[in-house]
Amino acid sequence: MASARQLDKVLQHAARRLVWPPGAAPAKLLGSFKQFLKVEEHRLKMFHRAGAGGRELANARAAMMDLVLRRLYTAADQHYRQHHDSAPVPLAFVALGGYGRAELSPFSDIDIMFLHDTASRGRHQHPYIASVVEQVLYLLWDIGLKVGHSTRTLREACDEANRDMQSKTALIESRLLGGDPALYEEFRQALVKHCVRGHEAEYIAARMADQKSRHEKHGDTPYLQEPNVKNGCGGLRDFQNLIWMAYFKHGVLRLADLRPHGALEASEQRDLEAAYDFILRVRNALHYLSNRANDVIHLGLQPQLADEFGYRQHSVLRRTEAFMRDYYMHARTIFLLTNTLAERLALRPARASLFGRRPKTESFDGFVQRDGVIAAGRPGVFREDPVRLLRVFLHAQQRQAELHPDLRSLIRQHLRLVHRSFRHSAGARETFLALLQHKGQVARVLRDLHETGVLGKFLPEFGRLTCLVQHEFFHRYTADEHTLQVIEHLDRILDADRPPHANYKKIFQQIEHPHVLYLAILLHDVGKAANIDRHAEASLAAARAVARRLKLDTDDTALLEFLVRDQHKLSMLSQRRDLDDQATVDAAARIVKDETRLDLLVLLTFADSIGVGATAWSDWKEALLWELYHRTRQELTGAERARHILARRIEQLYHEVSRRLKGQLPLEEIYSHFELMPASYYIHTSADEITRHLLLLHRFFQQQHDVESPAEALAPVIDWQSFPAQGFSRVTIGTWDRLGLFSKICGAFASAGLNVLSAHIYTRGDQVVLDFFEVCDRDLAAVTDERAIQTTESLLTGALTGREQIDFHKLLTRMRAARGPATHLREVTIPTVIGFDNDISQSRTVLEVQTENRPGLLYTITNTLTELGLDISFAKISTEKGAAIDSFYVQDQQGQKITDPDRLAQIESKLKEALELLAS
34 MASARQLDKV
44 LQHAARRLVW
54 PPGAAPAKLL
64 GSFKQFLKVE
74 EHRLKMFHRA
84 GAGGRELANA
94 RAAMMDLVLR
104 RLYTAADQHY
114 RQHHDSAPVP
124 LAFVALGGYG
134 RAELSPFSDI
144 DIMFLHDTAS
154 RGRHQHPYIA
164 SVVEQVLYLL
174 WDIGLKVGHS
184 TRTLREACDE
194 ANRDMQSKTA
204 LIESRLLGGD
214 PALYEEFRQA
224 LVKHCVRGHE
234 AEYIAARMAD
244 QKSRHEKHGD
254 TPYLQEPNVK
264 NGCGGLRDFQ
274 NLIWMAYFKH
284 GVLRLADLRP
294 HGALEASEQR
304 DLEAAYDFIL
314 RVRNALHYLS
324 NRANDVIHLG
334 LQPQLADEFG
344 YRQHSVLRRT
354 EAFMRDYYMH
364 ARTIFLLTNT
374 LAERLALRPA
384 RASLFGRRPK
394 TESFDGFVQR
404 DGVIAAGRPG
414 VFREDPVRLL
424 RVFLHAQQRQ
434 AELHPDLRSL
444 IRQHLRLVHR
454 SFRHSAGARE
464 TFLALLQHKG
474 QVARVLRDLH
484 ETGVLGKFLP
494 EFGRLTCLVQ
504 HEFFHRYTAD
514 EHTLQVIEHL
524 DRILDADRPP
534 HANYKKIFQQ
544 IEHPHVLYLA
554 ILLHDVGKAA
564 NIDRHAEASL
574 AAARAVARRL
584 KLDTDDTALL
594 EFLVRDQHKL
604 SMLSQRRDLD
614 DQATVDAAAR
624 IVKDETRLDL
634 LVLLTFADSI
644 GVGATAWSDW
654 KEALLWELYH
664 RTRQELTGAE
674 RARHILARRI
684 EQLYHEVSRR
694 LKGQLPLEEI
704 YSHFELMPAS
714 YYIHTSADEI
724 TRHLLLLHRF
734 FQQQHDVESP
744 AEALAPVIDW
754 QSFPAQGFSR
764 VTIGTWDRLG
774 LFSKICGAFA
784 SAGLNVLSAH
794 IYTRGDQVVL
804 DFFEVCDRDL
814 AAVTDERAIQ
824 TTESLLTGAL
834 TGREQIDFHK
844 LLTRMRAARG
854 PATHLREVTI
864 PTVIGFDNDI
874 SQSRTVLEVQ
884 TENRPGLLYT
894 ITNTLTELGL
904 DISFAKISTE
914 KGAAIDSFYV
924 QDQQGQKITD
934 PDRLAQIESK
944 LKEALELLAS
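Position in the sequence shown (first residue = 1) + 33 = my numbering.
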């Protein structure tokens, strides 16, 4: 409740300010009410900043609003009585929903109902009702409040409650603000009689279904990078949902009142109340910081929230991490406990089986199973044999059964039994490893282990990841949730019948070490809990310690270490290196050493990548990973055989393309294309695509016969394909190779307002280039507008022929100025990181750039490299949640690597200077 001192101040202010002169129209009070609200809203803001709890502030704002609404209602009532002869009729002024339960966040709406029991005269209400409703509502609107309102009879209110679950919920939390208390009491009795009694099972089922759909809509996890504190998993609505179900089950609207019914432990009540108050306080802060009703903790707001909540860590990053971890811990409490309690409230008697018989009850190992649900056979089941704390999950896995909510609570109460000697015991060790042997059935049991607290106690290395914030810009979840998501994606492979998961099915079915793979995923990120830059090394050290504790044999230990140590190698090589370069394939083969390790690592790579978030995986990444996988596997099984397989594919493609283009193109043109293109082009290019490319290049060669100047010979041929469902267009460009070509193409795209999502550069042996770009417009959609396409082609042609001297710097500057400053919240600061790799390629230096993605970025990088006299022979471009991660294979003007430290430092310095200028 609001503090007595706070409420006393509000009352004193109201006594001075909200004085209604007798006979004055309520509208005359408008100025006084506005000034009163302005002062009191400011006082509430200061109360919040002084450390008021979530409920304390919400109660205080509701109490302040009660004063305003009650005085408005009284003024409207008295004004009618003084100016009308007809007698008033019974009318109740009622608060509903969140306002009804006296919880109003700073920018929350106010829901009210005018309740009466007077029949309307046709379309007209009684003059008293019409007068009061009109004056109250107009004044509330004029004051500037957002009001949800209704005017109903008792019967209409009950009918609406039975028609709509949300309305029923708002009505059960109603409270009388003014008017006729007898009428309101009659309504409360009617509501219970006609809308609650006899509707208990129906309402609880509807609330459970509503919670399920709401969870799915908001990510199905409390651990999102930008959680919704109201409607998200573990948010305020989950807590409120529990209260509403409790009202229908036991007739109570307070958590404390559930305890006499045996539905709630004292510790559970304490934890839930604390979590709810914290998250409500976060919501209040979000409203004040956003100056609107915002319920999402955007990344840009997280540092401000950490400061406002008084976190004192030295760096902004650590303060933000500490605040968000506390938020996730509280959301986790609400999510897990409300789910458990909701299950208790929703449980029905066991279903009868065929012919009316009760389902069979089976007893085993201290537990009983009935109707697919396992319960404890007796309260002391875990004290008798602590290893049952793990074994019960193995039983559930083997029997495809659920754990009873009371059994989950009993497990949590006995976590103290999972101590050092338990972790080193043979029984616990063998049970845990057995859990990891069941392909496709591990994720669910590991999530149950984690939610009950057993997993973190048994594997403290993983336990330290609980609710740990991940600062990498591309991660959507906390570290523990990401790990569980990865395991869920791995499990999904086994029964998948559609890509991308089904693509890995055969590999997963054939592996013989599932326990090592699952364990590697569990441990692959545990080093992040150490809060050090070299967390990969910490993860490897933890994996070795766990292997010793679980007494893995030498082979399994080596396999575990390999998977944890080299977890990112395949994704890095496939997405950031030139797969045409044999050195890339050789590097992959050296890393994996044999086919078994390759299979395990490709499964981990896929699951880990898609486990970041559904948008983190793409057809492009899929194609690159499979290309590297197949080429590495062929290298491991024999390079000669690999060359034979590729040669056979190229021959088949040649015959198919020749058949399709017979009579359209000269045979020697087709033959030359197959001779001059690099081998990797044929690994993932279909006959359809090659046919399209040849027709494009045929136009280019025909164009060469008609040129009248050297400049015209440089004009490109351009082909567009739009993929609206995927949100991009593919632009294919054919022209002659030359220094600075890539930079000019990127400048033209940027000047046309297009974003480059990916780029693939192919240079034929005759110096004809065939470049592929995936681009989208400013709305992240495919480019379909003809004017935009014409503008882009004009810029490309002008830039590549030199016919027009295009100053891309000026064009981009004008475009940025025209767009004006960004108004959206910046999600996260993405640091600029520049690196060089002189080991992977024999003849080229690999330059890597990670920075914030923005219009003109690719042009800025490539133009800077051109000005430095560097030739770009290959590039891989990718974007991840607002970040660009680009790799460029470069050589100097003599066709050599760049190895001189001073020259490398100069390149890095010039790039950073150019990127800082772009960002300014």
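For every residue, glycine included, the Cβ atom is placed at its ideal position computed from N, Cα and C.
The three-state reading of DSSP puts residue 809 in strand, counting E and B together. Bridge pairing for residue 754: 763 [DSSP]. Between residue 254 and residue 510, the C-beta spacing is below 8 Å. In the structure shown, residue 110 adopts helical secondary structure according to DSSP, grouped into three states. According to the DSSP assignment, residue 140 belongs to no alpha helix (DSSP H), since it is labelled neither H nor E. The way I'd put it, the segment 90-100 does touch the segment 132-149; three or more beta-carbon pairs between them come closer than 8 Å. In the displayed model, residue 769 falls within a strand according to three-state DSSP.
In the three-state scheme derived from DSSP, where H, G and I count as helix and E and B as strand, residue 64 is classed as helix. Apart from the 5 residues on each side of it in sequence, residue 580 sits with its Cβ closer than 7 Å to the Cβ of 590 and 593 in its chain, given in chain order. Judged by beta-carbon spacing, residue 491 lies within the 8 Å limit of residue 456, meaning their Cβ atoms are closer than that value. Three or more Cβ pairs drawn from the segment 897-916 and the segment 791-806 lie within less than 8 Å of each other, which places the two stretches in contact.
Looking from the CA of residue 444, the closest CA among 85, 481, 616 and 192 belongs to 481.
Using a C-beta cut-off of 8 Å, the segment 555-564 makes contact with the segment 512-521, since at least three inter-stretch Cβ pairs fall below that distance. Exposure of residue 79 is indicated by the presence of fewer than 16 other C-beta atoms within 10 angstroms of its C-beta.
Here residue 305 has 272, 288, 366, 367 and 370 as same chain residues with Cβ atoms under 7 Å from its own Cβ, once five neighbours each way along the sequence are excluded. In this chain, the alpha helix (DSSP H) harbouring residue 519 covers 512-528. A distance below 6 Å between beta-carbons, with the five flanking residues on each side excluded, links residue 817 to the following residues of its chain, in chain order: 755.
Around the beta-carbon of residue 174, fewer than 16 other beta-carbon atoms lie within 10 Å, marking it exposed. Comparing C-alpha distances from residue 682 to each of 719, 876, 276 and 701 shows the shortest one belongs to 719.
Following the DSSP letters along the chain, one finds residue 301 inside the alpha helix (DSSP H) bounded by residues 299-323.
Counting C-beta atoms within 10 angstroms of its own C-beta, residue 533 has 16 or more neighbours from the protein chains shown and is therefore classed as buried.
DSSP places residue 262 in no beta strand (DSSP E); its state is neither H nor E. For residue 299, same chain residues with a beta-carbon under 8 Å away, outside a window of 5 residues either side, are 292 in chain order. Taking C-beta separations shorter than 7 Å and ignoring five residues to either side along the sequence, the partners of residue 149 in its chain run 122, 123, 124, 162 and 186, following chain order. Residue pairing of residue 916 in beta bridges, as defined by DSSP: 885 and 913. For residue 788, the enclosing beta strand (DSSP E) covers residues 788-796. Residue 284 counts as exposed, since fewer than 16 other C-beta atoms from the protein chains shown sit within 10 angstroms of its C-beta. Between residue 528 and residue 473, the C-beta spacing is below 8 Å.
Residue state for residue 869 is assigned as strand, using DSSP reduced to three classes. Per DSSP, reduced to three states, the secondary structure at residue 605 is helical.
Cα atoms of residue 338 and residue 42: separation of roughly 28 Å, rounded to the nearest angstrom. Look at residue 172 here: in three-state DSSP terms it is helix.
Secondary-structure assignment with DSSP links residue 395 through a beta bridge to 402.
With a beta-carbon spacing of about 7 Å, residue 867 and residue 945 fall inside the 8 Å limit used to define contacts. For residue 241, DSSP records no beta bridge to any residue. By the C-beta density criterion, residue 894 is buried, having at least 16 other C-beta atoms within 10 angstroms.
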